[in-house]
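Here the sequence shown is numbered in the UniProt record's numbering, starting from 1 and rising by one per residue.
Using N, Cα and C, we set each Cβ at its ideal position, and we do this for glycine too.
Notes to accompany the following structure.
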Amino acid sequence: MYALVITAAALMVPVCVCAMLWLLPSAIAANNWQVEGAHGVLHVRGELTESACRLEMASAYQAVWLGNTATAQLAKAGDRGAPVNLQLQLRDCLRGPAANRDERSGNLLWSAQQPAVSVSFIAPADADNPELVKVRGAVGLALRISDERGRDIRLGNRGAPLALAVGQNALNYTITPERTRAPLLPGSYAAVVDFQLSYD
Numbered sequence: 001m002y003a004l005v006i007t008a009a010a011l012m013v014p015v016c017v018c019a020m021l022w023l024l025p026s027a028i029a030a031n032n033w034q035v036e037g038a039h040g041v042l043h044v045r046g047e048l049t050e051s052a053c054r055l056e057m058a059s060a061y062q063a064v065w066l067g068n069t070a071t072a073q074l075a076k077a078g079d080r081g082a083p084v085n086l087q088l089q090l091r092d093c094l095r096g097p098a099a100n101r102d103e104r105s106g107n108l109l110w111s112a113q114q115p116a117v118s119v120s121f122i123a124p125a126d127a128d129n130p131e132l133v134k135v136r137g138a139v140g141l142a143l144r145i146s147d148e149r150g151r152d153i154r155l156g157n158r159g160a161p162l163a164l165a166v167g168q169n170a171l172n173y174t175i176t177p178e179r180t181r182a183p184l185l186p187g188s189y190a191a192v193v194d195f196q197l198s199y200d
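Below is the structure:
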């Protein structure tokens, strides 16, 4: 009988040990907050902002080919070659208020729910006509940039405010070679024009 009790007790020890080990992780986890260096706190912060439109990447960096312009087309100062279209694609424009003042006329474009943008073109101006973009290379011509209404852009200044639709938008411009007062010297030419969008 003694042997039977000893055998039963010996069999109970592994069962008790297994039960204790099974309950141990929850007991340790419950008391782990009391152990220094075994826990921490995350402080998470952020800011949700109302974004303006997103400029399409294909519009951000463009190479515009103006083609060949014959010197006969640019016989006297002010003569122009063929205009070439340029488009800036805007995506994800959100509904929001607009209060953009036209720097040239002083007029205010205001809307409670329709966004607006002003575009600035930045480039060296031609010495003979500061409305035109100076080119490197050929002499006697410069570049005129106009908006879709035919208004000249103002180098270094904000253009007239343009109302935008919610969603997708296309801002259309033309680039036109124009004769300056300098004598014509044919050859290839190039110019770099930066632009900036302002939504305020």
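Your pair Gly156 and Ser118 does not check out as a contact, with CB atoms roughly 13 Å apart and the cut at 8 Å. Sequence-distant partners of Tyr199 (beyond 5 residues in either direction) whose C-beta falls short of 6 Å from its own C-beta, in its chain, are Ala52, Val117.
Contact check between the region 94 to 110 and the region 126 to 144: fewer than three CB pairs, one atom from each, fall below 8 Å, which does not count as touching. At the C-beta level, Pro115 and Ile175 stay beyond 8 Å of one another. Asn85 has its alpha-carbon roughly 24 Å from the corresponding atom of Lys76. Approximately 10 Å separates the beta-carbon atoms of Leu90 and Leu162; this is outside 8 Å, ruling out the contact.
For Ala142, the enclosing beta strand (DSSP E) has its first and last residue at 141 to 147.
Contact between Tyr189 and Gly137 is confirmed by a C-beta separation of about 4 Å, below the 8 Å threshold. Under the 10 Å beta carbon count, Leu132 is surrounded by 16 or more other beta carbons and is classified as buried.
Around the beta carbon of Tyr61, fewer than 16 other beta carbons sit within 10 angstroms, so the residue counts as exposed. Around Arg80, the same chain offers Thr176, Glu178 as residues with beta carbons nearer than 6 Å, after the five sequence neighbours per side are excluded. Distance from Ala123 to Val193 at the Cβ level is roughly 4 Å; contact confirmed, criterion being Cβ atoms closer than 8 Å. In the three-state reduction of the DSSP assignment, Ser59 falls in the helix class. Ranked by Cα distance from Leu171, the options Ala182, Leu185, Ala191, Gln196 are led by Gln196.
When the five nearest sequence neighbours on each side are left out, the beta carbons in the same chain lying within less than 7 Å of the beta carbon of Phe121 are those of Ile145, Ile153, Leu155, Val193, Phe195, in order along the chain. Relative to Leu184, the option among Val44, Ala98, Leu74 whose CA is nearest is Leu74.
Collapsing the DSSP output to three states places Leu74 in a helix. When the five nearest sequence neighbours on each side are left out, the beta carbons in the same chain lying within less than 6 Å of the beta carbon of Gln113 are those of Arg95, in order along the chain.
Secondary structure note for Gly187: its beta strand (DSSP E) is the uninterrupted segment 185 to 190.
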